[in-house]
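Trainee: Numbering (the numbering used here), first residue to last: 137 to 738. From the three backbone atoms N, C-alpha and C, an ideal C-beta is built for every residue, glycine too. Quick one: this structure, given as structure tokens, is what I'll be asking you about.
Shown next, in the form of structure tokens:
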């Protein structure tokens, strides 16, 4: 925290205290013979007449002031409007930039700083257009914004001192999604375009009818045919426009009230927030989606923390960089003076850890990427990189099938990481089926010969070549080519007219290319780790299909359009999560096999 430079959130100026000598040096570095004046800003955009202030300044010997940007003699100051805001600056000195003016400038700066509570300004009196502001305290020289001492907790979104107050450090907010609320744009408001606001709900439909009477639209018109103005009013409210509403009471009595309309979306958001009914909240939750926090933009830390910079970047900007660019930034980061001494060891540690991530092939990841969006291969390599970074020696590392889900290119990087762990002086034990991993291993243990009751024996040990030469090793048979997996002799014919087409998918690092999948065939989605396979299929295609076919409330990653869903009646996601919901579950109960077995015994 002590290496950061805080900036004013409003004016983005550094909150750094300057000495008088630094101020003088800055002014003397300006073009020689520039005609300037030194000002003390005593009033900044405040209402008042300030007669007593002008009398005091005259008594102190000052001759001129600048009021609202206009320089005038103190004796000629007009009467100010007490109801208007004014900015008043005392002209402390007028001078030309010359090397021999240092002593005079120092005295003038002292006077200005005493007058204006540590703030002084330099303004040009010619065509140079020079305008500078100086501060003798850790505060914004324009608005006076100041900070207490920076602390590490100010940069943690898990701490109230650093978390964004709008989203509580989460980075996202729930909002009523118009795309979900308008479930059937082809229907009218009366017919159910917005569920719960149609003719079946007398109270809310009376509101729609009052809106229709005021704005002159027919509630029987399809939503998609209504004007944008009407749609905006219905969804977001009437603003300051009051509308006469007719309400039907419990006994059928009609009462009229005139007030603004809050809008369907704000109404649903308010009811979701205020309702004590679990059923109401569950129903309204179906229409919620997530969006980046409007205040922090997903950075998760508060405005003050976002305006502290190390070098040229703040914390959100640094964490948004890809790993390789972040490594390059810290490699070239040049801090001065005490900040350089404070940050030197930390910066070297950061650069080293970023280097570990680059070395395991994760150079493309941004540091602020949510952990739950990482692929299995990415997560595993992050764990390996952290172990390499720890520099531990004499440790036994055990990995269970680390190559699962990895592309061949990434598998090579994984194996390289494992050898680096070994070379540090550690023992690495890997449970693995991958041929490259087996061949790279210094020592191989083959267990078999079959599965279940047919296994459990150590068939062979030694190098990969020794395993391949062992006659009883099934693994060895595949290593020496005696056994192989052959491609099918015949393939299912493809119907070129039946395609599932997804356009404009842009979740995470997807670039919006069009995906076309033939219907009725076995399709394999492949690519290097982090290329977007899971985002494309699990986060986009599956969630669109679940919404469309299963009426699920899932929110897919961003996309433009999809076609071909008419070829399917439902979608099923078969993942690797644990089966069953209780410890009593087993394969027989999960598959339903226990039911006929029980029937047999009965």
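Pick from 267, 570, 285: whose alpha carbon is nearest that of residue 273?
Mentor: Stepping through the chain shown from its first residue, residue 273 is reached at position 137. The shortest C-alpha separation from residue 273 is found at 285.
Trainee: Expressed to the nearest angstrom, what Euclidean distance is found between the alpha-carbon atoms of residue 686 and residue 325?
Mentor: Walking along the chain shown from the start, residue 686 turns up at place 550. Walking along the chain shown from the start, residue 325 turns up at place 189. Taking the straight line from one Cα to the other gives about 24 Å.
Trainee: Alpha carbon to alpha carbon, what distance is there between residue 728 and residue 708?
Mentor: As a first step, residue 708 must be located in the chain shown, where it is residue number 572. As a first step, residue 728 must be located in the chain shown, where it is residue number 592. Roughly 17 Å separates the two Cα atoms.
Trainee: Any Cβ of chain D within less than 8 Å of the Cβ of residue 224?
Mentor: As a matter of chain content, chain D is missing from the structure shown, which is built from one protein chain.
Trainee: What are the boundary residues of the alpha helix (DSSP H) that residue 604 is part of?
Mentor: Residue mapping note: residue 604 aligns to position 468 of the chain shown, counting from 1. Taken as a continuous stretch (DSSP letters only), the alpha helix (DSSP H) holding residue 604 covers 600-605.
Trainee: Closest by CA to residue 443, which one among 467, 287, 145?
Mentor: Reading the chain shown from its first residue, position 307 is the one you call residue 443. It is 145.
Trainee: Find out if the Cβ-Cβ distance for the pair residue 172, residue 258 is shorter than 8 Å.
Mentor: Position 36 of the chain shown, counting from 1, holds the residue named residue 172. Position 122 of the chain shown, counting from 1, holds the residue named residue 258. Cβ distance < 8 Å, so residue 172 and residue 258 count as in contact.
Trainee: Going by DSSP, name the residue or residues bridged to residue 381.
Mentor: As a position in the chain shown, residue 381 is number 245, starting the count at 1. For residue 381, which the question treats as bridged, DSSP gives the partners 393.
Trainee: Quick check: what's the CA-CA separation for residue 681 versus residue 341?
Mentor: Reading the chain shown from its first residue, position 545 is the one you call residue 681. Reading the chain shown from its first residue, position 205 is the one you call residue 341. Spanning the two alpha carbons is a distance of roughly 32 Å.
Trainee: On the three-state DSSP scale, how would you describe residue 160?
Mentor: Position 24 of the chain shown, counted from the start, is the residue given in the question as residue 160. Helix, per DSSP.
Trainee: I need the straight-line Cα distance from residue 410 to residue 525, nearest angstrom please.
Mentor: Taking the chain shown and counting its residues from 1, the one referred to as residue 410 is at position 274. Taking the chain shown and counting its residues from 1, the one referred to as residue 525 is at position 389. Rounded to whole angstroms, residue 410 to residue 525 spans 49 Å at the Cα level.
Trainee: Using alpha carbons as the reference points, say which of 553, 721, 291, 395 lies closest to residue 514.
Mentor: As a working mapping, residue 514 is identified with position 378 in the chain shown. When each option's Cα is compared against that of residue 514, the closest is 553.
Trainee: Beta strand (DSSP E) containing residue 177: first to last residue?
Mentor: Counting from 1 along the chain shown, the entry for residue 177 is found at position 41. Where residue 177 is concerned, the enclosing beta strand (DSSP E) stretches over 171-183.
Trainee: If you follow the alpha helix (DSSP H) that residue 192 is in, where does it begin and where does it stop?
Mentor: In the chain shown, counting from the first residue as 1, residue 192 sits at position 56. 187-195 is the span of the alpha helix (DSSP H), which, as asked, contains residue 192.
Trainee: Alpha carbon to alpha carbon, how far is residue 364 from residue 330? Give it in angstroms, no decimals.
Mentor: Counting from 1 along the chain shown, the entry for residue 330 is found at position 194. Counting from 1 along the chain shown, the entry for residue 364 is found at position 228. One C-alpha to the other measures close to 16 Å.
Trainee: Check each candidate in 213, 414, 233, 238 and name the one with the smallest Cα separation from residue 226.
Mentor: In the chain shown, counting from the first residue as 1, residue 226 sits at position 90. Per the Cα distances, 213.
Trainee: Considering only C-alpha positions, which residue in the set 591, 592, 439, 558 is nearest to residue 577?
Mentor: Start at 1 with the first residue of the chain shown, and residue 577 comes out as number 441. Nearest C-alpha to residue 577: 558.
Trainee: Beta-carbon separation of residue 819 and residue 539 under 8 Å?
Mentor: What the structure shows of the chain is the stretch from 137 to 738, and residue 819 is not part of that stretch, so it cannot be assessed.
Trainee: Tell me, which residues are paired with residue 209 by DSSP?
Mentor: In the chain shown, counting from the first residue as 1, residue 209 sits at position 73. Looking at the DSSP assignment, residue 209 forms a beta bridge with 200.
Trainee: Is the stretch 165-182 close to the stretch 239-248, with three or more CB pairs under 8 Å?
Mentor: The stretch 165-182, when compared against the stretch 239-248, does touch it at the 8 Å Cβ threshold.
Trainee: Which residue comes first and which comes last in the alpha helix (DSSP H) that contains residue 731?
Mentor: Within the chain shown, the letter at position 595 stands for residue 731. Per DSSP, residue 731 belongs to the alpha helix (DSSP H) from 730-737.
Trainee: Below 8 Å between beta carbons: does that hold for residue 650 and residue 671?
Mentor: Working through the chain shown from its first residue, we reach residue 650 at position 514. Working through the chain shown from its first residue, we reach residue 671 at position 535. Result no, Cβ atoms of residue 650 and residue 671 do not sit closer than 8 Å.
Trainee: What's the call for residue 652, buried or exposed, on a 16-neighbour Cβ count within 10 Å?
Mentor: Here residue 652 is taken as the residue at index 516 of the chain shown, counted from 1. Exposed is the call here.
Trainee: Using the rule of at least 16 other Cβ atoms within 10 Å of the residue's Cβ for burial, across every protein chain shown, is residue 679 buried or exposed?
Mentor: For the purposes of this step, residue 679 is identified with residue 543 of the chain shown, where counting begins at 1. Its Cβ being crowded by 16 or more others within 10 Å, residue 679 is buried.
Trainee: Three or more C-beta pairs closer than 8 Å, one from the stretch 562-574 and one from the stretch 494-513: is that the case here?
Mentor: No, the stretch 562-574 does not touch the stretch 494-513.
Trainee: At which residues does the beta strand (DSSP E) containing residue 425 begin and terminate?
Mentor: Position 289 of the chain shown, counted from the start, is the residue given in the question as residue 425. It spans 424-428 - the beta strand (DSSP E) in which residue 425 sits, taken as one unbroken run.
Trainee: Give the DSSP-derived three-state secondary structure of residue 405 in the structure shown.
Mentor: As a first step, residue 405 is located in the chain shown; it is residue number 269 there, counting from the start. Note: residue 405 maps to helix in three-state DSSP.
Trainee: Please determine if the stretch 223-241 and the stretch 200-209 are in contact, where contact requires at least 3 C-beta pairs separated by less than 8 Å.
Mentor: As far as the Cβ criterion goes, the stretch 223-241 touches the stretch 200-209, which means the pair count is three or higher.
Trainee: Among 220, 169, 683, which has the Cα closest to the Cα of residue 181?
Mentor: Locating residue 181 in the chain shown gives position 45, where the first residue counts as 1. When only C-alpha atoms are compared, the closest one is 220.
Trainee: Closer than 8 Å is the cut-off here; do at least three beta carbon pairs connect the stretch 663-677 with the stretch 536-550?
Mentor: The stretch 663-677 vs the stretch 536-550: in contact.
Trainee: Is residue 371 near residue 399, with beta carbons less than 8 Å apart?
Mentor: Position 235 of the chain shown, counted from the start, is the residue given in the question as residue 371. Position 263 of the chain shown, counted from the start, is the residue given in the question as residue 399. Yes, they are a contact pair.
Trainee: Mapping the DSSP letters down to three states, classify residue 566 as helix, strand or coil.
Mentor: If you number the chain shown from 1, residue 566 lands on position 430. Correct three-state label for residue 566: strand.
Trainee: Would you list, in sequence order, the uninterrupted alpha helix (DSSP H) runs of no fewer than 4 residues that lie entirely inside the stretch 248-324?
Mentor: Listed in chain order, the complete alpha helix (DSSP H) runs (minimum 4 residues) inside the stretch 248-324 are 314-317.
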